[in-house]
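For reference, the structure discussed in these notes is given below.
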């Protein structure tokens, strides 16, 4: 097994220490950082994502793989920056104003990073202006909004409205998700996409990026 | 009756089975060392950080009718609305496993221990339900001490935000019960802090009154219909009590 296949396998098994060692080994073997990222780490996470969608593995397994992915990325990131390798896209993520639930949002962030996105996590109880200001300032192309309460989900509509009022629609896309949210609600408030779970949200964000 | 219900973390610590179920992980995965290790790591953090506590306040039917009316946003016909006049006894309750667990969950995610953080979150949710079970048992005991709980009695709990009881009902519930005294606060969005908290009403009465059909208008938007299992479980407990009484 070559080192990248070994790296992918270790990541799938959630062996973070081994992933760190193998990433260092691949760097020492003078493999291109972008290749280590794409054919080792992201390839491993893609298998994990596919097995999760097929219900062969479960979220705790995905999260252990994600931890391993981060261990590899820590070693690789300085080299990717040096080589000017861009992320797949930049996403501003947060739980809307008035809501403190952040597990779902955290899962989406972890999976987006695992898929190669740069994620700016604003945390929870985030005001609409902060979402849009951050996305504008950071040049993010997607804002991801999470809510777990029917009383806080109208905050999603306020972010969508603000994006429109600032004439950023099209440049900045909005994806929404969370227990009380559904695709018809997303359509009603004018969001660009709805993610029914963390894995699906990653697919939808990829769609939004590719649609640009 | 108006009392604080104290409890120890191990009293509400759930077994691995219900936690895995909450995570959507099949129970046979418990045979896997990695899954068991995750549960045990989460359980250890929970016991070290949880501070479960609850409060109970008995309330008359008339008083509860006013609390239940809340901000006037309930569904027109609801299971709780139909039960108020038929109940023998009612108590408002609130329970929490405390702020420490929430902080521990956040810390696990910050430390990139995502899987343990995620399992701990689910474990804490199940534990909060167990804390509500403890409050329920206490109410039953108190009713028993006053000769108001018999073999034909049954008890169910309901919370604002479910079964047609609008979540804005939290406002009046908090005004009446004052869960602030056990550290539970209510935000403008009716979200409770700490997050791992449950509030609601305990309704005691003849078991038969609880056996409603899930054909209310509010039931159409319910995704779980878990009242079916809860009613079934209450009926089974009642039947076993009756057998013991025989």
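Chains as they are written, first to last, in my numbering: chain A, 34 to 245; chain B, 1079 to 1324.
The C-beta atom is built at its ideal place from N, Cα and C for all residues, glycine as well.
Nothing here was measured: the structure is a model prediction, and the numbers come from that model.
Problem - the stretch 110-119 of chain A touching the stretch 80-95 of chain A, judged by at least three CB pairs closer than 8 Å - result: Because the criterion of three Cβ pairs below 8 Å is not met, the stretch 110-119 of chain A and the stretch 80-95 of chain A do not touch.
Handout entry: Straight-line gap, residue 1230(B) to residue 1083(B) (C-alpha atoms, nearest Å)
Key = For residue 1230(B) and residue 1083(B), the gap between their C-alpha atoms comes out near 25 Å.
Problem - Residue ranges of each beta strand (DSSP E) within the stretch 1243-1316 of chain B, 3 or longer - result: Entirely contained in the stretch 1243-1316 of chain B, the beta strand (DSSP E) runs reaching 3 residues are, in chain order, 1275-1284.
Problem - Minimum Cβ-Cβ distance from residue 30(A) to chain B less than 8 Å - result: Because chain A in this structure spans residues 34 to 245, residue 30(A) falls outside the shown range and cannot be described.
Exercise for the section: State whether the stretch 1264-1272 of chain B contacts the stretch 1136-1145 of chain B, with contact taken as three or more CB pairs (one from each stretch) at a distance under 8 Å. Expected result: Contact fails: fewer than three Cβ-Cβ distances are below 8 Å.
Exercise for the section: Starting from the Cα of residue 1174(B), find the closest Cα among 1274(B), 1153(B), 1189(B), 1137(B) and give me that residue. Expected result: Closest in C-alpha terms to residue 1174(B), from the list 1274(B), 1153(B), 1189(B), 1137(B), comes 1274(B).
Exercise for the section: Can you have a look at residue 1214(B) and say buried or exposed, based on whether 16 or more other CB atoms are within 10 angstroms of its CB? Expected result: By the 16-neighbour rule on beta-carbons within 10 angstroms, residue 1214(B) is buried.
Exercise for the section: Give me the Cα-Cα distance between residue 1325(B) and residue 205(A), rounded to the nearest whole angstrom. Expected result: The displayed coordinates of chain B run from 1079 to 1324. Any statement about residue 1325(B) would go beyond what the structure contains.
Exercise for the section: Starting from residue 127(A), follow its DSSP beta bridges and name the residues at the other end. Expected result: BP columns for residue 127(A) point to 178(A).
Exercise for the section: Below 7 Å between beta carbons is the criterion; list the residues of the stretch 123-155 of chain A that meet it against any residue of chain B, in chain order. Expected result: Of all residues in the stretch 123-155 of chain A, 131, 132, 133, 134, 136, 139, 143 have a Cβ within less than 7 Å of some Cβ in chain B.
Exercise for the section: Note the first and the last residue of the continuous alpha helix (DSSP H) segment covering residue 115(A). Expected result: That run of the alpha helix (DSSP H) goes 92-115.
Handout entry: Residues near residue 242(A) by beta carbon distance below 8 Å, same chain, minus five either side
Key = Once the five neighbours on either side are set aside, the close Cβ partners of residue 242(A) are 121, 122, 174, 175.
Practice task
Consult DSSP for residue 1142(B) and reduce its assignment to one of helix, strand or coil.
Solution key: DSSP places residue 1142(B) in helix when its eight states are reduced to three.
Practice task
Evaluate the contact criterion for the stretch 91-105 of chain A versus the stretch 1096-1109 of chain B: three or more CB pairs, one atom per stretch, below 8 Å.
Solution key: Taking a cut-off of 8 Å for Cβ pairs, the stretch 91-105 of chain A and the stretch 1096-1109 of chain B touch, as three or more such pairs fall below it.
Exercise for the section: Give a yes or no on whether 8 Å exceeds the smallest Cβ distance from residue 12(A) to chain B. Expected result: Lying outside 34 to 245, the shown extent of chain A, residue 12(A) is not represented and no answer is given.
Exercise for the section: Any chance you could list the beta strand (DSSP E) runs of at least 3 consecutive residues sitting entirely within the stretch 175-221 of chain A, in chain order? Expected result: List check, beta strand (DSSP E) in window: 175-179, 206-210.
Handout entry: Between the CA atoms of residue 187(A) and residue 145(A) - distance to the nearest angstrom
Key = About 24 Å.
Practice task
Answer yes or no: does any C-beta atom of chain B fall closer than 8 Å to that of residue 241(A)?
Solution key: Contacts with chain B at 8 Å (Cβ-Cβ) do not include residue 241(A).
Handout entry: Listed by chain order, chain B residues near residue 201(A) by CB distance under 8 Å
Key = Correct list: empty, because the minimum Cβ distance to chain B is about 26 Å.
Problem - Beta-carbon proximity check, residue 165(A) vs residue 129(A), cutoff 8 Å - result: Cβ atoms of residue 165(A) and residue 129(A): not closer than 8 Å.
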